[in-house]
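Taking it in order: structure first as structure tokens, then the write-up.
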Amino acid sequence: MSKVTETEFNPEYFKAIFGDAPDDWQEFVQVNLQTFDEGLERIRKAVGEGDMSVVSDVRHALGPSMKQWGTVSLEASMMALTTETLADEWPRIEPEFTALLGALKTLN
């Protein structure tokens, strides 16, 4: 896991919501994993095509969840992407995104 994501990732907020409902917690984690995984695939494709509108849609859809999971640096980096910086900045950001997926997988 990347150092930034390792430092920031905090599932305790959500875990506290589910309390003594481990099955609901696991289902919630699975839904988030699927959502973030699909978002990553959409962004990868969009970066290859230079389609900033798709990147914008995905980052706005995932931004609140990134904040709630505690990965505020990742969320800020994604929000800072522009058409001009997309091709150069995404390769720097992608490892953080995959680190978030890895962190979610450890909750399974």
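The numbering used here puts the first residue of the sequence shown at 6, with every later residue one more than the last.
Every residue, glycine too, gets a C-beta built ideally from N, C-alpha and C.
Every value quoted in this text rests on a predicted model; they were computed, and no experiment measured them.
Roughly how many angstroms lie between the CA atoms of residue i and residue j, to the nearest whole one?
i      : j     : result
ASP25  : GLN31 : 12 Å
ASP28  : ALA21 : 14 Å
ALA108 : PHE14 : 8 Å
ASP42  : ALA85 : 21 Å
PRO69  : VAL52 : 21 Å
VAL63  : TRP95 : 13 Å
THR87  : ILE98 : 13 Å
PHE23  : LEU38 : 17 Å
Do you know whose CA, among the options, lies nearest residue i's CA?
i     : options                      : result
TRP74 : LEU105, ARG49, THR111, THR40 : LEU105
ALA92 : THR111, LYS50, VAL9          : LYS50
VAL34 : PHE19, GLU46, ILE48, GLY44   : PHE19
ILE48 : VAL59, THR40, THR12, LYS72   : VAL59
What three-state label does DSSP hand residue i in the structure shown?
i      : result
GLY68  : helix
ASN37  : helix
GLU89  : coil
GLY55  : coil
PHE14  : coil
TRP30  : helix
TRP95  : helix
THR103 : helix
GLY75  : coil
ASP25  : coil
LEU112 : coil
If residue i and residue j are in contact, beta carbons under 8 Å, what's the gap, nearest whole angstrom?
i      : j     : result
GLU101 : LEU67 : In fact, because the Cβ distance is near 12 Å, the residues do not count as touching under 8 Å.
Would you say residue i faces chain B, with C-beta separation under 8 Å as the test?
i     : result
PRO27 : Going by chain labels, chain B is absent from the structure shown, which holds only one protein chain.
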